[in-house]
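The next block holds one structure in the form of structure tokens; read it before the comments.
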Amino acid sequence: MDWLGIIHTVTAGSALLFGPLVFFRRKGTRTHRLLGYGYVVSMLLLNATALMIYDLFDGFGVFHWAALVSLVTLASGFVPALLRRPQRTWIVWHYMGMNWSYVGLCAAAAAEFLTRLPAFIPRVLDYVPGSFFWNAVGAGTFIICGTGWYLVNRRRPGFALVQRMLDNN
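The working numbering puts the first residue of the sequence shown at 305, with every later residue one more than the last.
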């Protein structure tokens, strides 16, 4: 593995660790912000390195598009919190953007893990029809994003919180 791959892997691991530390701590505190900045920096470096890796497709491929989507979700969660704008709904933007950023990270990690499974369990190839690589990427992404959709929307602050904010203004 070259230096780019090492940086990519280390920043992916750190982002995977920062995410739960941010999610499961009290919100709005100094610790929440510092851990959040750690997550954002990790994700920026992770996506920057992802956009520099061309070994798989010998050019711009589907995972480069995924990195761009990741940057959009990260920005949609970070910038509103940083600026506290839009004034009435920044917290919903922050919640949704940061949560979907982490869901995307977990989906990528699951896809990465599943595509490497045949190296450890070669017989798995006997049970998966077609291209194992794309089936693994699709299954990992679908399962994680589906679970993420349920969890993100189950705890979404959008309804009661935003309604209270609008009623108070």
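Beta carbons: idealized from backbone N, C-alpha and C, even for Gly.
Expressed to the nearest angstrom, what Euclidean distance is found between the alpha-carbon atoms of residue i and residue j?
i      : j      : result
Leu325 : Tyr343 : 9 Å
Asn457 : Thr451 : 10 Å
Ala316 : Asp430 : 30 Å
Ile448 : Gly401 : 16 Å
Phe417 : Phe328 : 25 Å
Ala319 : Ala370 : 16 Å
Arg392 : Leu455 : 23 Å
Is there a C-beta anywhere in chain B that falls below 7 Å from the one on residue i?
i      : result
Leu387 : No chain B appears in this structure, which consists of one protein chain only.
Using alpha carbons as the reference points, say which of the options lies closest to residue i.
i      : options                        : result
Val373 : Leu386, Arg392, Ala411         : Ala411
Trp397 : Arg460, Gly340, Gly365         : Arg460
Thr353 : Gly309, Trp394, Arg389         : Gly309
Leu350 : Gln391, Thr335, Phe367, Arg337 : Phe367
Ser405 : Val345, Phe437, Phe361         : Val345
Thr333 : Gly365, Tyr358, Ala385         : Ala385
Asp306 : Leu375, Leu321, Asp359         : Asp359
By DSSP, does residue i sit in helix, in strand, or in coil?
i      : result
Pro422 : helix
Thr353 : helix
Met400 : helix
Thr393 : coil
Val432 : coil
Gly452 : helix
Tyr358 : coil
Thr253 : The requested residue 253 does not occur in the structure, where the chain is confined to residues 305 to 473.
Arg458 : helix
Pro427 : The question names Pro, but residue 427 is Arg in the sequence shown. Note: Arg427 maps to helix in three-state DSSP.
Discussion item. Within 8 Å, do at least three Cβ pairs link the stretch 417 to 430 to the stretch 319 to 338?
Written reply: no
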